[in-house]
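Participant:
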Amino acid sequence: MINATGLMKSFGKTPVINDVSVSLAAGGITSIVGPNGAGKSTLLALISRLMRADAGTVTVDGLDVWTTPASVLARRLSILRQDNHMTARLSVRDLVAFGRYPHSQGRLTLEDKAHVERALDYMALNDLQHRFLDELSGGQRQRAFVAMVLCQDTDYLLLDEPLNNLDMKHAASMMKLLRRVSVELGKTIVLVLHDINFAGYYSDQIVAMRDGRVLRQGPPAEVITSEVLREVYDMEIQVREIDGKPLALFYE
Amino acid sequence: MIALGLGLLVTAVLAMISLLIGAADTNILSLLWGLPDDQASQILMISRLPRTLALILAGSSLGIAGLVMQMIVRNRFVEPSTTGTTESAMLGFLVVTLLAPDWPIMGKMLVAAGFALMGMFLFLRLLKFVPLRDVVLVPLVGIMLAGVIGAITSFFAYRFNLLPMLLGWSMGDFSGVLRGRYELLWIGLGCTIAAGIAADRFTVAGMGREFTTNLGLNYRRTMLFGLVIVSLIASVCLVSVGSIPFLGLVVPNVVSLILGDNMRRAVPWVAVGGAAFVLAGDILGRVVRYPYEVPISVVVGVIGSAFFILLLLRRRTNAA
Amino acid sequence: MPHEANLRLPGRRVGEQRFVTPGRPALVLGLLGMIALVSICCFMTLGVKGNWGFVLPYRGQKLAGLLLVACAVALSTVLFQTVTNNRILTPSIMGFDALYVLVQTGIMFFLGTGVFALMDPFLRFGMEVVLMIGFSGLLFRWLFLGEERSLHLVVLIGIICGVFFRSVSNFMQRMLDPNAFQVLQDSFFASFSTIDPMLLKLSWVVVLAIVLLLWRMGHVFDVLNLGRATAINLGVNYRRVVITILLIISVLVAISTALVGPITFFGLLVASLAHGLIGNSRHRYILPAAVLLAVICLVGGQTLLERVFAFDTALSIIIEFLGGIVFIVLVIRGAAR
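Residue numbers (full-length UniProt numbering), protein chains in the order written: chain A, 1 to 252; chain B, 1 to 320; chain C, 1 to 337.
Now the structure itself:
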C-alpha cells in the first residue's frame, strides 16, 4: 500500500503538485493519466524519493520514503524513468544484473544469477543479453531497463511512461508483459501513461490528474467516461464500450 | 541621439580623468591656461595623450571586432578571444618575430593578421561539424581551438626562449604606450568606420549563403570583408598593447541588452561603450594599487569573465 | 571464515561471482602495466653519467612526485566524470585547479605574506583543502544537484569560471607587492627536485588511503554510472556518496596542483584513452587503466622528451595540445549524435 498525504511541490514559483493525497492499494496495475503538465511524472518522482516534496509525506508499506535508508527501500520499491541517459557502456546482461545491486552490492550470488536469468527470460532478452545497450533499438532498450527493475524483485514497480517511443506492437506487448508480471508474480505496478485507451484496457485502477491535483480515482469504467474526461482534458470525448472495456474516441 | 551624446560625454570625462592621473603630477589647468610648463606638457604629449588615445582606439575597435564576429557567426558568445583568433594572431606574430625580426612593426602586424584570418577560417570550418542548435557549443569549440593554437605557440616560444615575451603579449597593458608606439591603432579606427558602413551586410551574411545570395549580395565577399576587419583589429591591438580578453564579448552584449538587437544602431554604441569600458578599466588599474599598475587585461579579465558567466546563466533562466 | 565475512559485508555470500569475466580489459591492463614499468625503468636509468648513488635517489624523488600526480589526476578525473555522468567534464576543465590557485592566493592576500611564509606548510595545505572542498561543494551543488541543465552550458560555465578564478588570483597577485608575489609564485610551482620530502611522503600517505577507500567503495561507482535516478532506485545514498567523492576529488586536485600546477587537459586525455581502450565502464578496470596511462604519459613522456629528444620540460605544453584536440573531437562527436 502506497500512501501519499498532503504532497506539495513547486518548481520556482509554479506549483506542480498541489496538495495531493492519494493511496494506491497493493496488487494490480494502477495508471496515472492526465494532460501534459498535470504533474503525473512529478508525483511518481515524489513517491519514489527521486525528488523531495516541499510538504507532505509518502509511505510505502508504512515506511517513509524520505527517511528510510535508500538501500532498504530499494528492495521494496523500484522506479524506472522515461529518460535513461547514461554514459556507461554496458551489455544487456550487465544492466539487468545491476537490478540485484540492492541485494548483493555488486557481487552476484547463485540466487542473484537465477533472478537475472528469470528477468531476461521474462522480457524475452535471452538472444540480446550480450549486446551492448547502445546497439539496441528503442524498444529493446526499454525492455532491458524494465528487465532490470524486474530483476530488482521489489513488491512495487513504478514506471514513468514505459510506452514512450514504442510502436503499437511493442507498446501492446509491453502492457501484456506488465500484466503478466502483476498477475503471475503478484507485483504492484504503477504507471504513468499518455494513452487513455491503453490505461483503460490494462489497468485495474486509474488516477486522473490535472493541474497538480488528483481529480478522480477508480476502476476504468468509472474514470473513462465522457464527463470525467471532459473535466480532465477539456475535450469532448465519446466513450464506447467494446467487449466490456471502455474505449475513448478522442480523434474527432 | 541624445543618449548617444550622453554616452560620448561620459567617455570624454573618462578620457579627461585618464589624462590627469599618473605617477608624475600634471597640472592640466596650467596647460589649459597656456602657462609654459614644459615638463608637464612633455609628459602629456609623449605619454598621457598617446595612452588615452590608444585606450579609446583599442576599446572601440575591439568592441566592434566582437560585434562583427557575432553578426557573422550568429552567436552572441563569440569574439576574438573565444574563437582562437587572438591566439592565431599571436602565433603569427611569434613566427614573424622569429623568422624576420628586422621587419617593421607594420609588416609584422600584417603577418599576424594573416594568421588571424586563417585561424578564423579554421574555426568556421570546425563549426560546420557542430549542429547550430546548441548555442553554447560554438564558443566552447572556439575556446578549445584557442587552447590548441595557444599550445602550439607556447611550444615554439618555449623552444626559442621567447616565453616571457609571449607572456607579455597575452597580458594587455597600456603602461608602455608612448608617442610613436601606438599609431598602428588608428587602423582600428578605419576598421570601425568600415564596419559601421557595412553593418547591414554582416547581418544579412549571418543568415547564411542562400539568404544572402537571394538578397543579391555576394556572400563570400561580405564574409571575407568581415573576417578581414576582425583579424586586422585583433592583430593591431595585439601588437600594440597585447590581448584584452572578453572585451568584444562584454560591450556588444551590454549594448544589446539595453538597445535590443538592431545591429546598425548598435555600432556607434559599441564603439563608444568599448572606449568608455577600457578607459574605466585602465583608470581602475592605475589607481587601485597606486603607484603600481594592474594591467588592463587583468581588470577586464575579472569583469569580463564574471559578466560572461552572468550572461550564460541569464540565458538559461530565459530559456526555462 | 564465512561467518565473519558475512558480518562485515552483508552482500558477500558463498559462491560469489564477478559481473564480468576478465578478457580484453585484463589484457589491456597487463599491457599498460608493462609499458608503465618500462617507462619507469627508462626514466630511472637512461642517460646516467657518473655517480649512481647520487642519481638514483634524486630521480627516485622526482619519480615519486610524478607517480603521485599521475594517480591524483587520473583518479580525480574518472571519479568526477562518474559523478557528473558524462565524458567531457574534468575537474580542471571545471576550473578546480584554478580555484586551488585562487584559494592559495586568497590566503596569502588576506593573511599577509609574512604569515603565509611562516605558516606551517601542513596547516596551510589543510586550510587550502578545506576551503577547496567548501567552494567546490557549492559549485557542484549549484551545477548538478538542482534542475537538469545542458551539458555544454555547464562545461562552458566551468571553463569561464576557471578564467574568472585565474583572473581574480592574477588581480590579487598584482595587488601584492612584487616581493610577496615572488614568494607566492615559488610556492605554486614547487618543482620536483625542490619539493619538501616530508610533504611528498604525506601526500603519498593520503593518496594511498584514498586508493584503499576507493577500492572499498568500488561497486558504488558502477551504479552511479547509470545516472542519478537509477542509482537512487538501486538504493545508493546518492547525496552522501556524491559528497564523499567530491571531497576525495578536492584533496586529489589540491595535491596534483600543488605539485605541478594546473594542467587542464591531462585528466581528460587519460580518462578518454582509458575508456576507449578498456571498452566497458567497470571502474575496477577503468580506474587502474587511467592511472597507468597517466604514468605512461608523465614518466614515459618525460623520459622521451628529456633523454631522447632533449626537449626538456615542454611536456605539459604537448599534453595541452593533444588534450585540446581530444576535447574538440569529443564535443563534436557527442554533439553530432
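Beta carbons are placed, not taken as given, at the ideal position from N, Cα and C, and that holds for glycine.
List, in chain order, every chain C residue whose beta-carbon is nearer than 7 Å to that of A:G39.
Facilitator: The sequence position of residue 39 of chain A within the first sequence is 39, counting from 1. Those do not exist, as A:G39 stays about 16 Å from chain C at its closest Cβ, beyond 7 Å.
Participant: Let me make sure I understand the geometry here. Which of B:V294, B:V250 and B:P245 has the alpha-carbon closest to that of B:L311?
Facilitator: Here residue 311 of chain B corresponds to residue number 311 of the second sequence, with the count starting at 1. Ranking B:V294, B:V250 and B:P245 by Cα distance to B:L311 puts B:V250 first.
Participant: Name the residue from A:G212, A:D243 and A:D83 whose alpha carbon lies nearest to the alpha carbon of A:I32.
Facilitator: Looking up residue 32 of chain A in the first sequence gives position 32. Ranking the options by Cα distance to A:I32, first place goes to A:G212.
Participant: Are B:A65 and B:A275 close, meaning C-beta to C-beta below 7 Å?
Facilitator: Numbered from 1 along the second sequence, position 65 holds the residue referred to as residue 65 of chain B. Numbered from 1 along the second sequence, position 275 holds the residue referred to as residue 275 of chain B. Contact flag unset, no.
Participant: DSSP on residue 369 of chain C, reduced to helix/strand/coil?
Facilitator: The displayed coordinates of chain C run from 1 to 337. Any statement about residue 369 of chain C would go beyond what the structure contains.
Participant: Rounded to whole angstroms, what's the CA-CA distance from B:F277 to C:I243? Just pull it up for me.
Facilitator: Translated into the one-based positions of the second sequence, residue 277 of chain B becomes position 277. Translated into the one-based positions of the third sequence, residue 243 of chain C becomes position 243. Going from the Cα of B:F277 to the Cα of C:I243 covers about 41 Å.
Participant: At a CB-CB cut-off below 9 Å, which residues of chain B make contact with C:G30?
Facilitator: Residue mapping note: residue 30 of chain C aligns to position 30 of the third sequence, counting from 1. Going along chain B, no residue has its Cβ under 9 Å from C:G30, so there is no contact; the nearest lies around 32 Å.
Participant: So, helix, strand or coil for B:F211, using DSSP?
Facilitator: Position 211 of the second sequence, counted from the start, is the residue given in the question as residue 211 of chain B. B:F211: helix per DSSP, three-state reduction.
Participant: If we count Cβ pairs, one from each stretch, closer than 8 Å, do we get three or more for the stretch 265-273 of chain C versus the stretch 52-59 of chain C?
Facilitator: At 8 Å Cβ cutoff, the stretches do not touch.
Participant: Alpha carbon to alpha carbon, how far is B:I105 from C:R124?
Facilitator: In the second sequence, counting from the first residue as 1, residue 105 of chain B sits at position 105. In the third sequence, counting from the first residue as 1, residue 124 of chain C sits at position 124. So the two alpha carbons sit approximately 48 Å from each other.
Participant: Mind checking if A:Y233 is an interface residue toward chain C, Cβ cutoff 7 Å exclusive?
Facilitator: Position 233 of the first sequence, counted from the start, is the residue given in the question as residue 233 of chain A. So no, A:Y233 is outside the interface.
Participant: Listing by chain order, which chain C residues have their CB less than 9 Å from the CB of B:G301?
Facilitator: Translated into the one-based positions of the second sequence, residue 301 of chain B becomes position 301. Those are V163, F164, R166, S167, V168, N170 and F171, listed as they occur along chain C.
Participant: Using beta carbons (cut-off 7 Å, strictly below), is C:R87 in contact with chain A?
Facilitator: Residue 87 of chain C sits at position 87 when you count from the first residue of the third sequence. Yes, because at least one Cβ of chain A sits closer than 7 Å to the Cβ of C:R87.
Participant: For the alpha helix (DSSP H) that contains A:E231, what are its first and last residues?
Facilitator: Numbered from 1 along the first sequence, position 231 holds the residue referred to as residue 231 of chain A. Residues S226 to Y233.
Participant: List, in chain order, every chain A residue whose beta-carbon is nearer than 7 Å to that of C:V236.
Facilitator: Working through the third sequence from its first residue, we reach residue 236 of chain C at position 236. Going along chain A in sequence order, the residues near C:V236 (Cβ under 7 Å) are A70.
Participant: How is C:A229 classed by DSSP in three states: helix, strand or coil?
Facilitator: Here residue 229 of chain C corresponds to residue number 229 of the third sequence, with the count starting at 1. In the structure shown, C:A229 sits in a helix (DSSP, three-state: H, G or I).
Participant: Which class does A:T68 belong to by DSSP, given the choice of helix, strand or coil?
Facilitator: As a first step, residue 68 of chain A must be located in the first sequence, where it is residue number 68. The answer is coil: DSSP assigns A:T68 none of H, G, I, E or B.
Participant: Would you kindly work out how many angstroms separate the C-alpha atoms of A:T67 and A:I206, rounded to a whole number?
Facilitator: Here residue 67 of chain A corresponds to residue number 67 of the first sequence, with the count starting at 1. Here residue 206 of chain A corresponds to residue number 206 of the first sequence, with the count starting at 1. A:T67 and A:I206: Cα-Cα distance of roughly 28 Å.
Participant: Buried or exposed for A:A55, please, with buried defined as at least 16 other CB atoms from any protein chain shown within 10 angstroms of its CB.
Facilitator: Counting from 1 along the first sequence, the entry for residue 55 of chain A is found at position 55. Exposed: under 16 other Cβ atoms inside 10 Å.
Participant: Taking the DSSP output, what are the residues bridged to A:V58?
Facilitator: As a position in the first sequence, residue 58 of chain A is number 58, starting the count at 1. Note: A:V58 sits in a beta bridge opposite A:A4.
Participant: Here's the rule I'm using: 16 or more other beta-carbon atoms within 10 Å means buried, otherwise exposed. How should B:R220 be labelled?
Facilitator: In the second sequence, the residue the question calls residue 220 of chain B occupies position 220. Its Cβ having fewer than 16 others within 10 Å, B:R220 is exposed.
Participant: Using DSSP with H/G/I as helix, E/B as strand and the rest coil, what is A:T188?
Facilitator: Within the first sequence, numbered from 1, the residue matching residue 188 of chain A stands at position 188. If DSSP states are grouped into helix, strand and coil, A:T188 belongs with the strands.
Participant: According to DSSP, is C:T244 part of a helix, a strand, or is it coil?
Facilitator: Counted from its first residue, the third sequence places residue 244 of chain C at position 244. Helix, per DSSP.
Participant: Please name the residues in the stretch 82-109 of chain C whose beta-carbon is closer than 7 Å to at least one beta-carbon of chain F, in chain order.
Facilitator: Any reference to chain F falls outside this structure, whose protein chains are A, B and C.
Participant: B:F308 versus chain C: which residues are under 7 Å apart at the beta carbon?
Facilitator: For this step, residue 308 of chain B is matched to residue 308 along the second sequence. Those within 7 Å of B:F308 in chain C are I160.
Participant: Between which two residues does the beta strand (DSSP E) holding A:Y156 run?
Facilitator: If you number the first sequence from 1, residue 156 of chain A lands on position 156. Counting along the chain, the beta strand (DSSP E) containing A:Y156 begins and ends at Y156 to D160.
Participant: Which bits of chain A does C:V223 rub up against, with CB to CB less than 9 Å?
Facilitator: In the third sequence, residue 223 of chain C corresponds to position 223, counting from 1. Those are F98, Y101 and G106, listed as they occur along chain A.
Participant: Taking only beta-carbon positions, decide if C:L268 is within less than 7 Å of chain B.
Facilitator: The count along the third sequence starts at 1 and reaches residue 268 of chain C at position 268. For C:L268, the answer is no, since every Cβ of chain B falls outside 7 Å of its Cβ.
Participant: Any C-beta of chain C sitting closer than 7 Å to the C-beta of A:A74?
Facilitator: On the first sequence, position 74 is the one that residue 74 of chain A refers to. Output row for A:A74: interface = yes.
Participant: Anything in chain B within Cβ reach of C:H152, meaning under 9 Å, just list it in chain order.
Facilitator: To locate residue 152 of chain C, count along the third sequence from 1; it is residue 152. Under the 9 Å cutoff, chain B gives D134, V135, V136, L137 and L140.
Participant: Based on DSSP bridge pairs, tell me the residues matched to A:S91.
Facilitator: Residue mapping note: residue 91 of chain A aligns to position 91 of the first sequence, counting from 1. Answer by DSSP bridge pairing, in chain order: A:F132.
Participant: Quick one: give me the first and last residue of the beta strand (DSSP E) that A:N18 is part of.
Facilitator: Position 18 of the first sequence, counting from 1, holds the residue named residue 18 of chain A. Run containing A:N18: T14 to L24, per the beta strand (DSSP E) assignment.
Participant: Whole alpha helix (DSSP H) runs in the stretch 128-211 of chain B with 4 or more residues, listed along the chain?
Facilitator: For the stretch 128-211 of chain B, whole alpha helix (DSSP H) runs of length 4 or above, ordered along the chain, are 137-159, 163-170 and 186-206.
Participant: So with Cβ pairs under 7 Å, would you call B:S61 a contact of chain C?
Facilitator: What you label residue 61 of chain B is simply residue 61 of the second sequence in a count that begins at 1. No, B:S61 lies away from the interface with chain C (no Cβ there is under 7 Å from its Cβ).
Participant: Restricting to runs no shorter than 4 residues, where is the alpha helix (DSSP H) found entirely within the stretch 239-299 of chain B?
Facilitator: Whole alpha helix (DSSP H) segments, 4+ residues: 247-259 and 263-287.
Participant: Using only the alpha-carbon positions, how far apart do C:F43 and C:L287 sit?
Facilitator: In the third sequence, the residue the question calls residue 43 of chain C occupies position 43. In the third sequence, the residue the question calls residue 287 of chain C occupies position 287. If I take the Cα positions, the gap works out to 23 Å.
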